[in-house]
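Just so we're aligned, residue 125 is where the sequence shown starts under our numbering, counting upward by one. Ideal Cβ positions, reconstructed from N, Cα and C, are used throughout, including at glycine. Since the model is a prediction, treat every value here as computed from it, not as a measurement. Structure, as structure tokens:
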Amino acid sequence: MIKFILALVLLTSLGFVPSAQELEAARASLPSKFTRVTLGAGMAGPTAMVYVGNKILVTQKNGAIRIIRANGTLKKKPFHQLSVSTEEERGLVGIALDPDYAANGSIYVYYTTGPGAKQYNGTPENRVSRLKKTANGKIKEKIILDHIPSTGGMHNGGDIHFGFDAKLYVSVGDSYCCPGDAQKLDTLRGKILRINKDGTIPADNPFYNTPGARQETYALGFRNPWRFTKRASNQTYIVADVGAAKWEEVDSLAAGANYGWPLFEGPCPQTKPNCAPKKVDYGATTKPIHWYGHVPAPEYGPMIAGGIFAENSNYPAPFADAYFYADGGAQWVHVLTLDASNRVTGRYDFDKGVNFPVAFGRGPDGSVHVVAYGAGAIYKYVYTP
Ligand SMILES: [Ca+2]
């Protein structure tokens, strides 16, 4: 996260971060009949969210899980406090509800261990744990997947979602130390993982029978797939991979596919960052479905945070069922429309002046919510016909 903050400082010094007046103007620039509603104001570095009934659970980088009441106010006492490392981009960064939450009350989190964490071995590492409230009101933690590297402090990944198959999908970055590991099957770095919710590994995973491979691997070749999401209409997954020097990208996930890092960044070979994508031979790697650069162009920014589909919302076209994504440094929210094969059919500006967007969520009414890390709040996009 320090890299994020440094980037923000840099952007501020370059004059890219809007003034208060510009922020007000930006709010007025939402598409017609959309408003931005602030929920849970007063949080310290929110990173991810999930609805539980009409309340919201929000993770903070510092290890707290906060509760936003149905009326939008923040409950003072956290739901739980985990012991996390918070250097650089480390911390509590992902949360998901068990598909059978109504029956078992289990939630899942992704965090970097710190002193006081369960079975802390002195080295900060990422893990997935299951949390469950016991009869006496205490939270019981069961470690589901441990020892995910956090070597360089940055590029921890950390998004977790249950798939359409009720398997738990987990995003893991290259740990900053080790870009080449994204291409190696014997490490969890730079991968999307797929596991059962008890931590065992599904036998139909693509590299389950590959000698030497980490059997959790579902796809490889990512730098920092910080956020990903599900698309219900075609039962697929869309991954946003944070770029290095030049390109941010959006990928359509396929079992066993290789998304290219560090051979490729965005649509170009790392060695030819200003390539003409139509002339590039991607070999055995998969080209992103969308990308944008780090310098002013029709769309630009330094750190993508995908995304969510506005499924079952009352939003009008083109925003209905479209993919919403953000850039943490450039502070906008944009929208892609995709065809049934996840090919991009349109791109739209949606919001700007969002203070450091890092994640998305969706309300019971289908409305899109963005987690504004810098603002310490959630913004809900309400459409009033
Ligand atoms: Ca890629």
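Residue i - containing beta strand (DSSP E), residue span
i	result
residue 250	250 to 257
residue 458	456 to 462
residue 156	Where residue 156 is concerned, there is no enclosing beta strand (DSSP E), given that its DSSP letter is neither H nor E.
residue 352	351 to 355
residue 217	216 to 221
residue 184	179 to 184
residue 476	468 to 476
residue 418	Neither: residue 418 is in no beta strand (DSSP E) and is coded neither H nor E.
residue 504	501 to 507
residue 447	447 to 451
residue 173	170 to 176
residue 341	341 to 344
residue 265	263 to 272
residue 189	188 to 192
residue 364	360 to 365
residue 424	First-last for residue 424: undefined, no H or E at that position.
residue 431	428 to 433
residue 292	292 to 296
residue 325	Per DSSP, residue 325 belongs to no beta strand (DSSP E) and is neither H nor E.
residue 318	315 to 319
The alpha helix (DSSP H) enclosing residue i, as first and last residue numbers
i	result
residue 225	225 to 228
Proximity winner among the options, relative to residue i (alpha-carbon distances)
i	options	result
residue 408	307, 274, 337 and 327	307
residue 201	211, 498 and 181	181
residue 443	359, 424, 465 and 474	474
residue 205	239, 225, 196 and 465	239
residue 331	484, 381, 460 and 170	381
residue 421	176, 262, 280 and 371	371
residue 448	355, 384 and 499	355
residue 231	176, 360 and 280	176
residue 219	460, 328, 303 and 281	281
residue 271	167, 251 and 359	251
residue 386	168, 495, 410 and 229	410
residue 466	221, 327, 359 and 324	359
residue 484	223, 335, 361 and 171	171
residue 341	312, 327 and 348	312
residue 471	464, 459, 262 and 477	459
residue 428	494, 463 and 469	494
residue 303	384, 188, 477 and 468	384
residue 203	477, 228, 413 and 261	261
residue 300	486, 212 and 258	212
residue 254	487, 221 and 226	221
residue 500	174, 159 and 190	190
CB contact flag (residue i, residue j, <9 Å)
i	j	result
residue 346	residue 298	yes
residue 277	residue 350	no
residue 247	residue 207	no
residue 450	residue 482	yes
residue 389	residue 425	no
residue 513	residue 162	Residue numbering for the chain in the displayed model covers 125 to 509; residue 513 lies beyond these limits and cannot be assessed.
residue 193	residue 274	no
residue 378	residue 337	no
residue 283	residue 234	yes
residue 286	residue 256	no
residue 492	residue 432	yes
residue 517	residue 457	In this structure the chain extends from 125 to 509, so residue 517 is not present and cannot be described.
residue 169	residue 198	no
residue 479	residue 498	yes
residue 216	residue 184	yes
residue 279	residue 348	yes
Beta-bridge pairing of residue i - partner residues as DSSP gives them
i	result
residue 278	Residue 278 pairs with nothing; no bridge assigned.
residue 481	496
residue 371	417
residue 382	344
residue 404	DSSP lists no partner for residue 404.
residue 209	Per DSSP, none; premise fails for residue 209.
residue 286	292
residue 235	216 and 251
residue 388	393
residue 338	BP columns for residue 338 are empty, so no partner.
residue 376	362
residue 163	502
Examine the Cβ distances between the region 488 to 508 and the region 387 to 398 and report whether three or more of them are shorter than 8 Å.
Taking a cut-off of 8 Å on C-beta distances, the region 488 to 508 does not touch the region 387 to 398, as fewer than three cross pairs fall below it.
Touching by the beta-carbon criterion (3+ pairs, under 8 Å), the region 151 to 169 and the region 267 to 274:
They do not touch, by the three-pair rule.
Are at least three pairs of beta-carbons, each pair with one atom in the region 434 to 447 and one in the region 381 to 397, less than 8 Å apart?
The region 434 to 447 is not in contact with the region 381 to 397.
Quick check: the region 310 to 325 against the region 278 to 295, are there 3 or more CB pairs under 8 Å?
Pairwise C-beta distances place the region 310 to 325 in contact with the region 278 to 295, as three or more of them are shorter than 8 Å.
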